[in-house]
Amino acid sequence: MFWLSVLCAVLFITVLVLAIKMALMHRALDEICREVEMKLNTDTNTLISVSSRDRHIRRHAAQLNVQLRRLRKERLQLQNGGAELKDAMTSISNDLRTPLTAILGYLDLLETQDKPAAVARYLSHIQNRAEAMQLLTEELFQY
């Protein structure tokens, strides 16, 4: 009978210790979830920290920090890629607009010259196509 009481006491203490450990792990996991949500919603360089001393919880938090660093690096690359794309579009825009402007300017000068009817008709077609191209170019770069 004595051994049965001791066994019950040992089992009770074991269950109590395990229940406390589970409660602490739940609290640590909730803490990690809150921190992950906060880190994803804000652009911060801080990493996840946990108050738990449990090595498994700490290992998982460290793995999440690795993923946060990778996500931050990819986000930075994406932002830099956007800036590079914008610079490239500006350069292309200038490369297209400059010759178009020159073509239209020369066509305007040719309008003032005496020319045969066939040449005037061809120049009119060139003028219309160049103006259409200019409009399309402007629309493209507005996007």
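Under this note's numbering, the residues of the sequence shown are numbered 1 to 143, in order. Backbone N, C-alpha and C define an ideal beta-carbon position, used for all residues, glycine too. Every value quoted in this text rests on a predicted model; they were computed, and no experiment measured them.
| Query | Result |
| --- | --- |
| Below 8 Å, can you find three or more Cβ-Cβ pairs linking the stretch 43 to 60 to the stretch 20 to 28? | yes |
| What's the call for residue 115, buried or exposed, on a 16-neighbour Cβ count within 10 Å? | exposed |
| Are the stretch 62 to 71 and the stretch 84 to 95 touching, with three or more C-beta to C-beta distances below 8 Å? | no |
| Along the chain, where does the alpha helix (DSSP H) containing residue 52 start, and where does it finish? | Segment: none, residue 52 is in no alpha helix (DSSP H) and carries neither H nor E. |
| Measure the C-alpha to C-alpha separation of residue 35 and residue 43 and round it to an integer number of angstroms. | 13 Å |
| Quick check: what's the CA-CA separation for residue 11 versus residue 49? | 34 Å |
| Restricting to Cα atoms, I'd like to know which of 100, 141, 118 and 106 is closest to residue 130. | 100 |
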